[in-house]
Amino acid sequence: MGVLSGLFGQKSCSICGSEIGMLGNRKLKDGNMCKSCAGKLSVWFQDRSESTVAQIQNQLGVRKAYEDILAKGFNVSRAYGEFGCILIDEIFGNFVALPDTSDSFFGDAKVITSIDQIRDKKPDVIMFKEVAGVDVNVTVTSREEKQTVDGKLVSYNPKHMVYMAQFSVTIRLKGHPFIKSMTVPLNNGSVQIRNMGERLVTEYKDTVRAMLTGYKGREFEIENQSAFYTNNSLKDLIFRTEYNLPDYAYGFKVDRVTNWKQIQEYQYYLAMAEEIKSVLEGWDKC
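Residues -2 to 283 in the numbering used here are what the sequence shown spells out, letter by letter.
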């Protein structure tokens, strides 16, 4: 045992002082950290190996203050996301976000509308004034569907394509002590849109903003809390409203039979991302 101890160099945690097991060390710039202390760091923190002991201790102190803030109350006025989540408190001007709301690696992500659902995950409480900007990310991949002719797979004419879209927002921070950015996936899985022919790449932002002019112009009524915006309230608005979509909305040829519902879903997630961007970037313009 003494030989092994000398060989591997038994270490103690620079944060809590406990002995670190053989495979449990998390290296810091000027010290060591045990697995337990590493588990207390922010899920958004990326620079552990380049951080000093003092910086880690400061982060743990800040995160303890976040717990105290959440214990005193968090007024959810907007709740968005179906894989990750963003809960917004417009009364106190802050928000929390998580990249994954599932309980385990193979667990299903949950739709979160209350801080009580994620309190045990100890989310960071970010102030609106710490937001430098929000990027809307739409990642689209594709595959071709083929037909069998004389025992061979051949293309349709025009091609039958399936486009798979995933949506997220990247929230860039300024002056935060340990978080640079937060990328939150919004949809669980992907929106799959069938399209006859190749997709025409278009600029979506002007299109979606034009369609949502009536919605995005409404003021949030703080006093009576009459507007609690969630995934469902946004989806209800998008799916019940008949917009006069152009023939190639978002680059997809609109077909009321085969892809209209999926294009509405695409529009729904895009509207969700744009709404998050509008709220977090617009706090100082109210």
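For every residue, glycine included, the Cβ atom is placed at its ideal position computed from N, Cα and C.
For N185, no beta strand (DSSP E) encloses it, and the DSSP letter there is neither H nor E. Take S139, set aside five residues on each side of it, and the residues of its chain with a beta-carbon closer than 8 Å to its own are M158, V159, Y160, M161, R196, in chain order.
Less than 9 Å divides the Cβ of N228 from the Cβ of V108. In this structure, the alpha-carbon of N22 lies about 18 Å from that of S39. Looking at the DSSP output, E141 shares a beta bridge with M158.
Secondary structure note for M269: its alpha helix (DSSP H) is the uninterrupted segment 257 to 278.
With the rule of 3 Cβ pairs closer than 8 Å, the stretch 57 to 70 counts as touching the stretch 113 to 129. Under the three-pair Cβ rule at 8 Å, the stretch 75 to 93 does not count as touching the stretch 42 to 52.
Of the candidates E142, A268, T110, D27, A268 places its Cα closest to the Cα of Y247. Assigned with DSSP and collapsed to three states, F236 falls in helix. The three-state secondary structure of I66, taken from DSSP, is helix.
Out of N185, V146, S165, the CA that lies nearest to the CA of M179 is found in S165.
Around the Cβ of V181, a 10 Å sphere holds 16 or more other Cβ atoms; the residue is buried.
Beta-bridge partners of G28 (DSSP): L25.
Looking at R191, A270, Y77, the one whose alpha-carbon comes closest to that of N134 is A270. DSSP, read as helix, strand or coil, puts G172 in coil. Shown here, N55 sits in a helix according to DSSP, grouped into three states. A direct Cα-Cα distance of roughly 32 Å separates S15 from K69. Looking at the DSSP output, Q163 bridges to T136. Taking 9 Å as the cut-off, the Cβ atoms of N256 and P174 do not count as close.
The C-alpha of G78 lies about 7 Å from the C-alpha of N184.
Per the C-alpha coordinates, the member of T167, K24, C10, Y266 positioned closest to A129 is T167.
In the structure shown, the three-state DSSP call for L84 is strand.
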